[in-house]
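A.B. asks: So the protein sequences, as listed, match chains P and D. 1070 is the number that the working numbering gives to position 120 of the first sequence; each next residue is one higher, with no gaps. 478 is the number that the working numbering gives to position 156 of the second sequence; each next residue is one higher, with no gaps. For every residue, glycine included, the Cβ atom is placed at its ideal position computed from N, Cα and C. Only a predicted model underlies this, so the values are computations on that prediction, with no experimental measurement involved. Would you mind keeping the following structure in view while I ask a few things?
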Amino acid sequence: MSVKAIAHEARASWAFIIRNFNLTKRYWKWEVVFFAYTMANSVTMGFIGKGVESFSGAVVNVNYLILYMLLGSILWGYLSILFEIVAETVAWERWEETIEYTFMAPVKRATHLLRVCGYAILYGILRAGIILLFVSLFFDLDLSGANLVSAAGILAIGSFSFIGLGMVAAVLPLISPEKGVQVVHIFQALLLIFSGVYYEVTVLPEWMQQVAKISPATYALKGMRESILEGKAFSKLWNQIWPFVLLGAILLSSGLFFFNKMKFWAKKTRSG
Amino acid sequence: MKVLGYDIVKDVSLVKRLINRVSVEASFFRKLSATENLLFAAGIHGISRKEALAKIHDLVEKVGLDKKQLNDPLEGFSRGMQQKVDIARAFMTTPKIMLLDEPTTGLDPRAKRDVQRLIHEMKNKMNTTVLLTTHDMGEAEKLCDHVSIIHQGRIVVEGTPRDLNLKVSEKVRNPTFEDVFMEYTGVSFDEAEFREVETA
């Protein structure tokens, strides 16, 4: 790739990031509404954690339990925003009918999708951090032993796999502008059910545990919990990192391949 | 198939750099401003922000847009104004080939005249080959150097507007370009419309 071509792709990348930032800015009131919704979900999970002691009668480490539930809720919120931005970017372009212009532009599809995902990761991590901070203050949680940098690192590394899945999810609005985005949420819920969102994977039936092994969310949850609850450093999380790298490589390339195939199909059948 | 010597499959990226388009409905991110939309379009065509801003400044004057409005969301613009921004967006990439798909359909007479003048000026100033599709025969005669009339999926006649008018003038006295269309398609407008509805 020549220097000129690299500069071309870099400018295109930046254009996608700025475009998404401008869209978020323009719809800031709706962003606040959805942020409040995610916050309400996280607080609810916190109260479930707090209530366990009263209805079970058992003595539990409430701080630990709330944080455990909260991390599941944070990942749920993070994946929601990630998949939503990626899927809605295509859906948005369908509503505005700008998708033909974007597809006609001399920019690689990988650049297009990866930058949209890149923006979603940055925005998602920022949002997750604010939620963690807010809920911790709300429940007066002790985060002194938590390794927040390590948790953010896990989320960032894991995002490569999530991007791959996000690209597959982005195909759905391409196929169906009416229902595609909603189906993305079902896809996300299924992923998290298998990954131990509010529980350990070991409580799942055996066949579900096998599926959990190939879900990147399993490693994201485990890594985040070890960082926040046990204060583990990023370098000590190798058991979660290597599956991420492997799954990231597979899911990213197959996600891109699948998106291109479906884009071709949508063009051919005039769905796109 | 090749476009200006480039294979449309093998050299797809190069071909994309040579082409831009304006469609019947100007499509934008309507919540974003004209500048934000134009900068995005420039960016995905690999144009730097500095160069894009200079081009926007230049094109905005050419297309007759009010600079003060450039930072307002496009959803507040009239259709004619949106079409002008669309034309500015398309010419910003200095394409070798410009595809115009019924660019003045649905515009009021003043906006239509403005857009036609703009297309004419841009075509000459930027040395761009413009491929215009239209049902407006007056527009075809006014803007095109070479016209192909397509009927039932086939080109039935082609030539300069003057030549086509001359050919038909042997049968029709002082023909308009609509008369030229009637002559070569062999049907009246009403019949043509009826057939179109029937086959849709």
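So, using beta-carbon positions, are D:LEU440 and D:VAL385 closer together than 7 Å?
C.D. replies: Yes, Cβ-Cβ distance for D:LEU440 and D:VAL385 is below 7 Å.
A.B. asks: For the stretch 411-466 of chain D, which segments carrying the alpha helix (DSSP H) assignment without a break, of at least 4 residues, lie completely within its bounds, in sequence order?
C.D. replies: 431-448, 459-465, all fully within the stretch 411-466 of chain D.
A.B. asks: Measuring alpha carbon to alpha carbon, tell me which residue in D:LEU381, D:MET444, D:THR450, D:THR482 is nearest D:ALA462.
C.D. replies: It is D:THR482.
A.B. asks: Can you give me the C-alpha to C-alpha distance between P:MET1158 and P:TYR1073, rounded to a whole angstrom?
C.D. replies: Distance between the alpha carbons of P:MET1158 and P:TYR1073 is about 31 Å.
A.B. asks: Ignore the nearest five residues each way along the sequence and tell me which others in D:GLN404's own chain have a CB closer than 8 Å to its CB.
C.D. replies: Only ALA348, PHE350, LEU396 meet the Cβ criterion.
A.B. asks: On the three-pair Cβ rule with 8 Å, is the stretch 430-437 of chain D touching the stretch 374-381 of chain D?
C.D. replies: At 8 Å Cβ cutoff, the stretches do not touch.
A.B. asks: CB P:ALA1041 to CB P:ALA1119, shorter than 7 Å?
C.D. replies: No. Outside cutoff.
A.B. asks: Sort out for me which residues DSSP pairs D:PRO395 with in a bridge.
C.D. replies: According to DSSP, D:PRO395 bridges with D:SER355.
A.B. asks: Compute every distance between the C-beta of P:ALA1055 and the non-hydrogen atoms of the ligand NAD, then say whether any falls below 6 Å.
C.D. replies: Annotation note on the ligand NAD: not contained in the displayed structure, which lists no ligands.
A.B. asks: If we require 3 or more residues per run, which beta strand (DSSP E) segments fall completely within the stretch 980-1007 of chain P?
C.D. replies: If we require 3 residues or more, the stretch 980-1007 of chain P turns out to have no beta strand (DSSP E) run fully inside it.
A.B. asks: According to a CB-to-CB cut-off of less than 8 Å, which residues of the stretch 966-997 of chain P neighbour chain D?
C.D. replies: Listed by position, the residues of the stretch 966-997 of chain P near chain D (Cβ gap below 8 Å) are PHE966, ILE968, ARG969, ASN972, LEU973, ARG976, TYR977.
A.B. asks: Taking only beta-carbon positions, decide if P:ALA962 is within less than 7 Å of chain C.
C.D. replies: Here chain C cannot be found, since the structure's protein chains are P and D.
A.B. asks: Assuming P:LEU1025 and P:VAL1147 are in contact, meaning their beta carbons sit under 8 Å apart, how far apart are those beta carbons, in whole angstroms?
C.D. replies: Between P:VAL1147 and P:LEU1025 the Cβ distance is about 7 Å, and since that is below 8 Å, they are a contact.
A.B. asks: Return the residue from the list P:PHE1209, P:PHE1214, P:PHE1194, P:MET1174 that minimises the CA-CA distance to P:GLY1022.
C.D. replies: Nearest C-alpha to P:GLY1022: P:MET1174.
A.B. asks: Cα separation between D:GLU424 and P:LEU973?
C.D. replies: Roughly 29 Å between the two C-alpha positions.
A.B. asks: What is the DSSP secondary structure of D:HIS367, reduced to helix, strand or coil?
C.D. replies: In the structure shown, D:HIS367 sits in coil (DSSP, three-state: anything other than H, G, I, E or B).
A.B. asks: Three or more C-beta pairs under 8 Å: does that hold for the stretch 1054-1073 of chain P against the stretch 986-1004 of chain P?
C.D. replies: With a cut-off of 8 Å, the stretch 986-1004 of chain P and the stretch 1054-1073 of chain P do not count as touching, because too few Cβ pairs lie within range.
A.B. asks: Quick check on this structure: which residue in P:SER1203, P:ILE1200, P:THR1168 has the alpha carbon closest to the alpha carbon of P:ASN1189?
C.D. replies: Nearest C-alpha to P:ASN1189: P:THR1168.
A.B. asks: Say whether chain D places a C-beta atom closer than 7 Å to the C-beta of P:THR1152.
C.D. replies: Judged by the 7 Å Cβ criterion, P:THR1152 is not in contact with chain D.
A.B. asks: Please determine, among P:TYR1028, P:PHE966, P:ILE1178, the residue with the shortest C-alpha to C-alpha distance to P:ALA1101.
C.D. replies: Of the listed residues, the one whose Cα sits closest to P:ALA1101 is P:ILE1178.
A.B. asks: Does DSSP put D:PHE330 in a helix, in a strand, or in coil?
C.D. replies: Checking the sequence, you will find Ile at residue 330 of chain D rather than Phe. Correct three-state label for D:ILE330: coil.
A.B. asks: Counting only beta-carbon atoms, is P:PRO1155 nearer than 7 Å to chain D?
C.D. replies: Cβ-Cβ to chain D under 7 Å: no for P:PRO1155.
A.B. asks: What residues from chain D crowd round P:MET1054, counting only those whose CB sits closer than 9 Å?
C.D. replies: The answer, in chain order, is LYS338, ILE341, ASN342, ARG343.
A.B. asks: Does the beta carbon of D:GLU358 come closer than 7 Å to any beta carbon on chain P?
C.D. replies: For D:GLU358, the answer is yes, since a Cβ of chain P falls inside 7 Å of its Cβ.
A.B. asks: Kindly identify the DSSP beta-bridge partner or partners of D:ARG476.
C.D. replies: Looking at the DSSP assignment, D:ARG476 forms a beta bridge with D:HIS473.
A.B. asks: May I ask you to report which of helix, strand or coil DSSP gives P:LEU1171?
C.D. replies: It is helical.
A.B. asks: Just to confirm the assignment, what range does the beta strand (DSSP E) spanning D:ARG343 have?
C.D. replies: Unbroken beta strand (DSSP E) run through D:ARG343: 341-344.
A.B. asks: Output needed in chain order: residues of the stretch 1047-1071 of chain P with a Cβ under 7 Å from some Cβ in chain D.
C.D. replies: Taking 7 Å as the Cβ-Cβ cut-off against chain D, the residues of the stretch 1047-1071 of chain P that qualify are GLU1047, THR1048, TYR1051, THR1052, MET1054, ALA1055, PRO1056, VAL1057.
A.B. asks: Quick one: which chain D residues come within Cβ less than 8 Å of P:HIS958?
C.D. replies: Per Cβ cutoff of 8 Å: GLY368.
A.B. asks: Measuring CA to CA, which of D:GLN391, D:GLU480, D:VAL452 is closest to D:PRO417?
C.D. replies: When each option's Cα is compared against that of D:PRO417, the closest is D:VAL452.
A.B. asks: Quick check on D:GLY475 - is its C-beta less than 7 Å from some C-beta in chain P?
C.D. replies: No, because no Cβ of chain P sits closer than 7 Å to the Cβ of D:GLY475.
A.B. asks: Of all the CB atoms in chain D, is at least one closer than 7 Å to the CB of P:LEU1142?
C.D. replies: Taking Cβ atoms only, chain D never reaches closer than 7 Å to P:LEU1142, which makes this a no.
A.B. asks: Please confirm whether P:LEU1197 and P:MET1117 have their CB atoms less than 7 Å apart.
C.D. replies: Taking 7 Å as the Cβ cut-off, P:LEU1197 and P:MET1117 do not qualify as a contacting pair.
A.B. asks: How about P:ARG1065 and P:ILE967: are their beta carbons less than 7 Å apart?
C.D. replies: Yes, Cβ-Cβ distance for P:ARG1065 and P:ILE967 is below 7 Å.
A.B. asks: Thinking C-beta only, is P:VAL1121 closer than 7 Å to P:PHE1209?
C.D. replies: For P:PHE1209 and P:VAL1121, yes; Cβs fall inside 7 Å.
A.B. asks: Counting only C-beta atoms, is D:SER400 closer than 7 Å to chain P at any point?
C.D. replies: No, D:SER400 does not count as interfacial toward chain P.
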